[in-house]
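What follows is a single structure, written as structure tokens, with notes after it.
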Amino acid sequence: MTVAPSASQELEETPVRNGMLRYALSKAGGALLSISMVIVATFFLFRLLPGDPVRALAQGRNMTPEQLDLERHRLGLDKSLPEQFFQFVKQTVQFDLGTSYEYKRPVLDLIGERIGSTLLLTGTALVIAVTLGIWQGARAGWKPGSRFDRFSTAISLVLWSVPTFWLGLLLLMVFAAGVGPIPGVFPTRGIESVDAPDGFGYVLDVAKHMVLPCLTMVAVVYAQYLLVMRSSVLDEVGQDYVTTARAKGLKDDDVRRKHAVPNALLPTVTLVFMRIGFVVGGAVTVEAIFSWPGLGQLFYEAIRVPDFTLMQGTFLLITVSVIVMNTLADVVYHLLDPRVRSA
Amino acid sequence: MSVTWTRRKRSLLRFWADYRGHKAGVVGLAVLLVAVLLALIAPLFIDAGVTNVVRGTGEKLAPPSWDAPLGTDESGRSVLLMVWWGSRTSLLIGFLAALLSMVIGTVLGIVAGHFRGWIGAVVLRVTDWFLVLPSLVTALVLAAILGGSTTTIIVAIGVTSWPSTARLIRAQTLAVEARPYIERSTALGGGHWHITTRHVLPNVAPLLLASTTLEVASAIVTESTLAFLGISANKTSWGTMLRGSYDWGAATSGAWWYILVPGLCIVTVVMAFTLCGRALETVLNPRLRSAR
Numbered sequence: 000m001t002v003a004p005s006a007s008q009e010l011e012e013t014p015v016r017n018g019m020l021r022y023a024l025s026k027a028g029g030a031l032l033s034i035s036m037v038i039v040a041t042f043f044l045f046r047l048l049p050g051d052p053v054r055a056l057a058q059g060r061n062m063t064p065e066q067l068d069l070e071r072h073r074l075g076l077d078k079s080l081p082e083q084f085f086q087f088v089k090q091t092v093q094f095d096l097g098t099s100y101e102y103k104r105p106v107l108d109l110i111g112e113r114i115g116s117t118l119l120l121t122g123t124a125l126v127i128a129v130t131l132g133i134w135q136g137a138r139a140g141w142k143p144g145s146r147f148d149r150f151s152t153a154i155s156l157v158l159w160s161v162p163t164f165w166l167g168l169l170l171l172m173v174f175a176a177g178v179g180p181i182p183g184v185f186p187t188r189g190i191e192s193v194d195a196p197d198g199f200g201y202v203l204d205v206a207k208h209m210v211l212p213c214l215t216m217v218a219v220v221y222a223q224y225l226l227v228m229r230s231s232v233l234d235e236v237g238q239d240y241v242t243t244a245r246a247k248g249l250k251d252d253d254v255r256r257k258h259a260v261p262n263a264l265l266p267t268v269t270l271v272f273m274r275i276g277f278v279v280g281g282a283v284t285v286e287a288i289f290s291w292p293g294l295g296q297l298f299y300e301a302i303r304v305p306d307f308t309l310m311q312g313t314f315l316l317i318t319v320s321v322i323v324m325n326t327l328a329d330v331v332y333h334l335l336d337p338r339v340r341s342a
Numbered sequence: 000m001s002v003t004w005t006r007r008k009r010s011l012l013r014f015w016a017d018y019r020g021h022k023a024g025v026v027g028l029a030v031l032l033v034a035v036l037l038a039l040i041a042p043l044f045i046d047a048g049v050t051n052v053v054r055g056t057g058e059k060l061a062p063p064s065w066d067a068p069l070g071t072d073e074s075g076r077s078v079l080l081m082v083w084w085g086s087r088t089s090l091l092i093g094f095l096a097a098l099l100s101m102v103i104g105t106v107l108g109i110v111a112g113h114f115r116g117w118i119g120a121v122v123l124r125v126t127d128w129f130l131v132l133p134s135l136v137t138a139l140v141l142a143a144i145l146g147g148s149t150t151t152i153i154v155a156i157g158v159t160s161w162p163s164t165a166r167l168i169r170a171q172t173l174a175v176e177a178r179p180y181i182e183r184s185t186a187l188g189g190g191h192w193h194i195t196t197r198h199v200l201p202n203v204a205p206l207l208l209a210s211t212t213l214e215v216a217s218a219i220v221t222e223s224t225l226a227f228l229g230i231s232a233n234k235t236s237w238g239t240m241l242r243g244s245y246d247w248g249a250a251t252s253g254a255w256w257y258i259l260v261p262g263l264c265i266v267t268v269v270m271a272f273t274l275c276g277r278a279l280e281t282v283l284n285p286r287l288r289s290a291r
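Residue numbers (numbering that gives the first Met the number 0), protein chains in the order written: chain F, 0 to 342; chain U, 0 to 291.
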């Protein structure tokens, strides 16, 4: 900035900015504490495992006791618990998540390969779910008790009661296998066909594979966005500024779109990020059903095998990213909403 | 004593009259009672043998017929009988997991609200930490590590689902303890135990009931999801049946009864619990009652 700010501006802005910075720092500190707690908890959780991990690893293979000892030494299991703990913390902080038993490859590499498809699926589903949920929720909350409202509430109640995986199975049955007059049009599994064409054809192929998983995820998460947006708008309906806007002679639609919805939007959008953990759980289930080669499926396979290093690595990554997302949402909310800031 | 009892009886009657006003809640309650009754009387008619693979009598994956009104599964077992027997596991895990979650949530919530010093702060911090963790993922890891049995699945669900209850109870505890009669009770020499059990707990109990009802619903969904993802107690439940239907390709081979029946059972029961919980919430939460 080349022009020095005037004294009055400085007086007005500095405390707010300082407060904001302090708030962000304290939140970041809290997040760091949470992440440390996750690392410590993960260490002890995975040491609770009944039995000897090396023996589990050697299952089905002929290994002499000497080989077992060697393997134990390689994994650092012959050291004392505190030593193991510090080694684990050191490795985790350096993003060394160990080597998968099943794939015989570094867990971080496996995660790196899979994370793209998870982001693609979850991102697309989230954008659709949020848009649809906010739109429908705003309309439902604007006229509580109307037919549209009752219809929306009923739909979200049903979707709320439907387990994600069952919805996925139904969609598989109807749209992938085909029922009666409905032909099976969508592929049942994976992200691309074996003989997928290049270029634009490839994009189309992936999109076709994405329809069913995406639809399942949208249906499950959108219900709660709808309900939150609805109650958020409901809170605004009786406010004075809405009455004022009406008194100015604005059309009903304009009052809703330009006055009530922007105010109701903020808490809803924050909540979307606050409950990202729920979305992650949904992603694991959806990826498992449709064999979508993402992080969720990697985690699911780790549980099925079971491959504890891989499970530990994916668990750490998932929880840490959820904590980071939550903290960001919290800080951004604080930054955007003057009502919270002044309080 | 008799005065208290008449008062309690009167408030109970008033509560019932309020509850009856919610048609959806009454329907939900009726469905629930039927489901629980059916699960309880199941051993009078059938036994665990209906889930035995070698005792399947019908054809494999046969559509509904007189012998098996809801079709058969991949081993020729009757889906109807399996769903009936499986309801016992699904409901048991749902109820016990919700109970565990409620006990943890209530105790920690009251502690966080009652003890203002560092104890409360630490408990609150831990609660918030658990609240952020993706509960399904954590439950999966817990159950995978502890090995699949009915107890570990109950523990895995209970241990990951209590934080929202704890937040609710803490807020309620703070509200109750701000009232003057708590101050009077403290002045008369009431200790922590007396205040929390005699004043706070009875005040939060009604909300707890509503919250438990909703929690059972989500515990049943979580149990079926865990079972579907391969973590089960090796007992037939609605979730393990759906797992079986997926493993045997029921979706692609058109065996709709194998997918629809267990799933509809889950949806019906979960919806009944949700309707009950919402009705209870509306009746019991004075803020909701006056506002809307």
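Glycine included, every Cβ here is placed at the ideal spot set by N, Cα and C. Quantities reported herein were computed from a predicted structural model and do not represent experimental measurements.
- Inter-stretch contact at 8 Å, needing at least 3 Cβ pairs: the segment 221-232 of chain F / the segment 129-142 of chain F: yes
- Item | Pairwise C-alpha distance: TRP247(U) and LEU28(U) | Rounded to whole angstroms, LEU28(U) to TRP247(U) spans 35 Å at the Cα level.
- Query: Taking Cβ-Cβ distances shorter than 8 Å, what residues in chain U pair up with TYR22(F)?
  - Reply: Ordered by position in chain U, no residue passes the 8 Å Cβ test against TYR22(F), which lies about 16 Å from the chain.
- Item | Proximal residues of chain U, C-beta to C-beta of SER33(F) below 7 Å | TRP128, VAL131
- Exposed or buried, which one is ARG13(U) when buried takes at least 16 other CB atoms within 10 Å? Classification for ARG13(U): exposed.
- Message: If we define contact as Cβ-Cβ less than 8 Å, is THR149(U) a contact residue for chain F?
- Response: no
- Item | Cβ-Cβ distance between ALA138(U) and ALA218(U) below 8 Å | ALA138(U) places its beta carbon 8 Å or farther from that of ALA218(U).
- Task: Give me whichever residues DSSP pairs with SER151(F) in a beta bridge.
- Result: DSSP output for SER151(F) lists no bridge partner at all.
- Query: Along chain F, in chain order, which residues have C-beta atoms closer than 7 Å to that of PHE227(U)?
  - Reply: The answer, in chain order, is PHE164.
- Message: Considering only their Cβ atoms, is the gap separating LEU79(U) from PRO62(U) smaller than 8 Å?
- Response: For PRO62(U) and LEU79(U), no; Cβs fall outside 8 Å.
- Item | Own chain partners of SER100(U) with C-beta closer than 6 Å, once the 5 adjacent residues on each side are dropped | If we look at SER100(U) and ignore the five residues flanking it on each side, its Cβ neighbours are GLY157, SER160, TRP161, GLU214.
- Task: Use the C-beta contact count for ARG130(F): other C-beta atoms within 10 angstroms, 16 or more gives buried, fewer gives exposed.
- Result: Contrary to the premise, residue 130(F) reads as Thr rather than Arg in this sequence. Classification of THR130(F): exposed, given that the 10 Å Cβ count is below 16.
- Task: Can you tell me which of the three DSSP states THR187(F) falls into?
- Result: coil
- Cβ pair ARG76(U), ALA41(U) closer than 8 Å: No. Outside cutoff.
- Which parts of the segment 109-173 of chain F are runs of the alpha helix (DSSP H), unbroken and 4 residues or longer, counting only runs that do not cross its ends? The segment 109-173 of chain F contains these whole alpha helix (DSSP H) runs: 146-160, 163-170.
- Task: Report yes or no: is there a C-beta of chain F within less than 8 Å of the C-beta of MET81(U)?
- Result: no
- Message: Using a 10 Å radius around the Cβ and a threshold of 16 neighbouring Cβ atoms, would you call LYS257(F) buried or exposed?
- Response: Exposed: under 16 other Cβ atoms inside 10 Å.
- Message: What does the Cβ neighbour count give for PRO4(F), buried or exposed, with the cut at 16 atoms within 10 Å?
- Response: Caution applies to PRO4(F), whose pLDDT of 45 falls short of 50 and renders its modelled position unreliable; the value that the coordinates give is listed next. Exposed, because fewer than 16 other Cβ atoms sit within 10 Å of the Cβ of PRO4(F).
- Query: Hey, which unbroken runs of the alpha helix (DSSP H) at 4 residues or more fall wholly within the segment 111-195 of chain U?
  - Reply: 117-131, 134-145, 149-160, 162-176, 179-186
- Would you kindly check if the distance between the Cβ of LEU214(F) and the Cβ of LEU170(F) is under 8 Å? yes
- Message: Output needed in chain order: residues of the segment 272-288 of chain F with a Cβ under 9 Å from some Cβ in chain U.
- Response: MET273, ILE275, GLY276, PHE277, VAL278, VAL279, GLY280, GLY281, VAL283, THR284, ALA287, ILE288
- Alpha-carbon spacing of PHE227(U) relative to THR91(F), whole angstroms: 31 Å
- Task: Give the DSSP-derived three-state secondary structure of PRO105(F) in the structure shown.
- Result: strand
- Message: Only counting the same chain, and skipping five residues up and downstream in sequence, which positions put a Cβ closer than 7 Å to that of ALA287(F)?
- Response: GLY295, GLN296, TYR299
- Could you check the C-alpha separation between VAL173(F) and VAL184(F) for me, to the nearest Å? 9 Å
- Cβ separation of MET310(F) and VAL140(U), assumed to be a contact under 8 Å, to the nearest whole Å: 6 Å between Cβ atoms; contact.
- Task: Would you tell me roughly how many angstroms separate the C-alpha atoms of LEU44(F) and LEU135(U), rounded to the nearest one?
- Result: 16 Å
- List the whole-angstrom C-beta distance separating GLU176(U) from SER89(U), where the pair is believed to meet the contact cut-off of C-beta under 8 Å. So it is not a contact: roughly 39 Å between Cβ atoms.
- Along chain F, which residues have their Cβ under 7 Å away from the Cβ of LEU135(U)? GLY280, VAL283
- Task: Check the Cβ of MET209(F) against every Cβ in chain U and list those closer than 9 Å, keeping chain order.
- Result: Here the premise fails: no neighbours, minimum Cβ distance about 18 Å.
- Message: Going by DSSP, what residue range makes up the alpha helix (DSSP H) through ARG274(F)?
- Response: Run containing ARG274(F): none; DSSP gives neither H nor E here.
- Query: Going by alpha carbons, who is nearest to ILE109(U) out of ALA174(U), ASP72(U), ILE152(U)?
  - Reply: When each option's Cα is compared against that of ILE109(U), the closest is ALA174(U).
- Message: Would SER163(U) pass as an interface residue toward chain F - the criterion being a Cβ-Cβ separation below 8 Å?
- Response: no
- Message: Strictly below 8 Å CB to CB, what residues from chain F border MET270(U)?
- Response: LEU156, VAL157, SER160
- Report the option in LEU31(U), LEU60(U), SER74(U), LEU39(U) whose CA atom is closest to the CA atom of VAL49(U). SER74(U)
- Task: Return the residue from the list ALA38(U), GLY93(U), PHE94(U), VAL121(U) that minimises the CA-CA distance to VAL82(U).
- Result: ALA38(U)
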